[in-house]
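All residue numbers for the sequence shown refer to my numbering, where the first residue is 5 and numbers rise by one. From the three backbone atoms N, C-alpha and C, an ideal C-beta is built for every residue, glycine too. Just so it is clear, the structure is predicted and the values come from calculations on it, not from any experiment. Following: one structure in C-alpha cells, then a few remarks.
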Amino acid sequence: MRILIASWGNFERWSNITYRFGDETSVGPSTLPILQKVIKPDWTVIVLSETLGKDFSSLEALREDITLRAQKRLERIGAGREVDLLLVPGIGRFEHGTFEGSAMDVYYKALHGLSQVIPVDGELEVHFDITHGLNYVTFLVHRALRELLGMRALLSETRFKAYNSDPFVPKLSSELGINVIEDVRVEPHPLTEGLPALNEYLVPYFIEKRALEEFKRGLKAFELIKIEKRKLEAWIGSVVFGLPLLFAENFPETRPIEEAVDELMKTWESYVEVSNKSVRRKLAFGGGFGVLVKLLFQARVLEKFKLDLPPSLDDLYRISGGVFRGANMERAKLELWKIEDKAIAHALAKRFPDWMPLRDFLGFENANATIVPRNFLAHAGLEANATEVRVEGWNVKDAKREARKHAFLRYSPKAKRRVEEITVEALGGV
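Right, dumping it as C-alpha cells:
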C-alpha cells in the first residue's frame with residue numbers, strides 16, 4: 005500500500021507553475037497532482053493548520069471553513085476522491101486572526117490523527133511532501149510519522165520517502181524539479197517511554213494549575229492510568245527487553261486506552277476558546293497523551309500476538325521470533341529451549357507435573373530464591389524463582405515435536421508485582 009501525505013500552508017496564495025518529477029511535468033499551483041500521478045498512492049492525506057480558518061463563530065465552524073475551502077482547491081487541481089484532511093492546531097498572529105496555544109499541540113494532534121490513518125500491518129510506502137508546508141508544522145508532522153512508522157516496522161516492511169521542490173524565486177523560476185530528500189527502509193523502533201505523572205497529560209496553558217485537580221477527579225482516563233500504570237509500563241518494557249511471558253501476560257486491552265485518549269482529546273477541545281478573530285487553547289497536550297497514543301498504536305500493531313493465558317512454550321516461541329530481534333530474540337529462544345528440553349525429558353518419563361516453580365522443574369532446588377533484576381533480564385524474564393511451569397498430560401508420540409505445545413508458563417502470583425517493578429525500573433533507564 006502507498007500513502008501520500010502532504011503538509012500544506014496557505015494554499016489559496018499559490019500561483020501556477022510547472023513542476024517536474026522524473027519524466028513527468030505538471031502545470032498548477034501544487035505538487036499534489038504530479039506526485040499522485042507518479043507515486044499512484046492508494047490514499048492521500050493533506051495536513052492543514054487551523055490558522056487558515058476565518059470563521060470564528062465556533063471551533064466547528066472554523067474547521068468546516070478550512071475543510072470546504074480545501075476541498076474546493078482539491079477539486080480544482082483534480083486531486084481525486086481518496087483524500088483525507090487532517091487539521092492540526094497552529095499558532096501566530098495574522099491579518100485575519102490570532103491563534104494562541106502550545107506549538108507542541110501540532111505534534112500531539114498529528115500523532116493522534118495519523119495513528120488513525122496509517123495501516124498497522126502489510127507492506128507500506130509512506131511518501132511525505134514538504135514542499136508547501138509550514139516550517140514547525142512540517143517538522144512536527146515528520147516526527148510523528150517516523151515514530152509511528154518505527155512501531156509498525158516491528159512486524160511489517162515499511163518504507164519512507166520525503167520530497168521537496170526546488171526553491172521558488174519570483175520572476176526567475178519557470179520550472180521546479182521535485183527532489184527526493186529522504187528514502188529509507190524504516191528500522192523497527194518500539195515505544196521506549198513510560199507513562200508519566202498525571203500532570204503530564206493535559207497541561208494548563210491559559211488557566212490556573214489548580215484546574216488539574218478537577219481533571220484528576222473527573223476524568224476516567226486518570227483512573228485508568230493510576231490503576232494500570234505499572235502493568236502497561238511493564239508491557240512496554242517487555243517489547244524493549246524481549247520478555248515473552250511478560251509480553252503475553254500484560255498485553256493491554258485497547259478499548260480502555262482508546263476511550264482514555266478520546267476523553268483527553270475531548271477535554272482539550274472543550275477548553276479551546278473561539279471568539280472574534282481569536283482562537284485561544286487554554287490547555288495543552290502533555291507528553292503522557294503522546295505515550296498513550298503510541299501505546300495504543302503499538303498494541304494494534306502487535307494485536308495478532310495477543311494470546312489466551314496461560315501461554316504454551318509454542319506461543320512464546322512465536323512471540324520471540326515474531327516480535328523480538330537480534331540478541332533479544334536469541335536470548336528468549338535459548339531460555340525457552342532450556343525449558344522445552346526439560347519438558348521433553350519429563351514427557352518421555354511419563355511425568356506431567358502440575359504448576360511448579362521453574363527452579364524445581366529445571367532441578368535448581370538449591371538455587372538462591374531471590375529474584376535478582378540482572379538475572380531476570382539476562383534470562384528473557386524467565387527467571388527461575390518468578391516463573392512457574394505446567395506440563396499437561398497427552399498421548400505422547402514424538403515428545404521432541406510435541407512438548408512445546410503441552411508445556412505452559414506463568415508468573416507466580418506472589419512474584420508478579422516484583423517482575424513488573426524490575427521491568428519498569430529498567431525501562432526508566434533506557
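Pull the bridge partners of residue i from the DSSP assignment, please.
| i | result |
| --- | --- |
| P194 | Answer is none; P194 lacks a bridge partner. |
| T162 | L128 |
| N183 | N168 |
| T29 | R24 |
| S53 | V92 |
| S279 | S282 |
| T102 | R97, S282 |
| R304 | Paired residue(s): none; R304 is not in a bridge. |
| Y415 | T391 |
| A10 | I50, D133 |
| F289 | L206 |
| V297 | Answer by DSSP bridge pairing: none, since V297 is not bridged. |
| V87 | T48 |
| V188 | F164 |
| S316 | F412 |
Quick check on the burial criterion: 16 or more other C-beta atoms within 10 angstroms. Buried or exposed for residue i?
| i | result |
| --- | --- |
| F15 | buried |
| M360 | exposed |
| N168 | buried |
| P45 | buried |
| I211 | exposed |
| T142 | buried |
| D312 | exposed |
| H193 | exposed |
| A353 | exposed |
| D109 | buried |
| F172 | exposed |
| K401 | exposed |
| M5 | exposed |
| S279 | exposed |
| P174 | exposed |
| I231 | exposed |
| S274 | exposed |
| S119 | buried |
| E344 | buried |
| V184 | exposed |
| K404 | exposed |
| N399 | exposed |
| S62 | exposed |
| E396 | exposed |
| L72 | exposed |
| R421 | exposed |
| V188 | exposed |
| R378 | exposed |
| S338 | A quick correction: the sequence has Leu, not Ser, at residue 338. With fewer than 16 other Cβ atoms within 10 Å, it is exposed. |
| G290 | buried |
| S19 | exposed |
| G126 | exposed |
CB residue i to CB residue j, shorter than 8 Å?
| i | j | result |
| --- | --- | --- |
| G137 | S316 | no |
| V283 | E99 | no |
| F60 | G101 | yes |
| V124 | V51 | no |
| R24 | E179 | yes |
| A347 | I375 | no |
| V207 | A288 | yes |
| R234 | V428 | yes |
| A373 | N389 | yes |
| R147 | Y205 | no |
| L381 | F164 | no |
| G117 | F103 | no |
| Y209 | G105 | yes |
| T162 | V121 | no |
| E387 | R414 | no |
| L91 | V297 | no |
| G57 | I70 | yes |
| D318 | K409 | yes |
| I7 | V130 | yes |
| L216 | G292 | no |
Does residue i come within less than 8 Å of chain C when only Cβ atoms are used?
| i | result |
| --- | --- |
| T162 | Judged by its chain identifiers, the structure shown contains no chain C, having just a single protein chain. |
Less than 7 Å separating the Cβ of residue i from some heavy atom of the ligand ADP?
| i | result |
| --- | --- |
| R221 | Although the ligand ADP was asked about, the structure shown includes no ligands whatsoever. |
Could you give the uninterrupted runs of the beta strand (DSSP E) lying entirely in the segment 334–410, keeping only those of 3 residues or more? 391–395, all fully within the segment 334–410.
Along the chain, which unbroken stretches of the beta strand (DSSP E) at least 3 residues long are found entirely within the segment 199–276? Considered as a whole, the segment 199–276 harbours 206–208 as its complete beta strand (DSSP E) runs of no fewer than 3 residues, in chain order.
Between the segment 315–332 and the segment 245–259, do three or more beta carbon pairs fall short of 8 Å? With the cut-off at 8 Å, the segment 315–332 and the segment 245–259 touch.
Validate contact between the segment 21–37 and the segment 75–95 using beta carbons, cut 8 Å, 3 pairs: Using a Cβ-Cβ distance cut-off of 8 Å, the segment 21–37 and the segment 75–95 are in contact, since at least three pairs of beta carbons, one from each stretch, lie closer than that value.
Is it a yes or a no for the segment 264–277 touching the segment 222–233, going by three-plus beta-carbon pairs under 8 Å? Yes: the two stretches touch, three or more of their Cβ pairs being nearer than 8 Å.
Below 8 Å, can you find three or more Cβ-Cβ pairs linking the segment 295–306 to the segment 178–198? Between the segment 295–306 and the segment 178–198 there are three or more inter-stretch CB-CB distances shorter than 8 Å, so the stretches are counted as touching.
Within 8 Å, do at least three Cβ pairs link the segment 149–163 to the segment 21–30? Contact between the segment 21–30 and the segment 149–163 is absent: fewer than three C-beta pairs spanning the two stretches fall below 8 Å.
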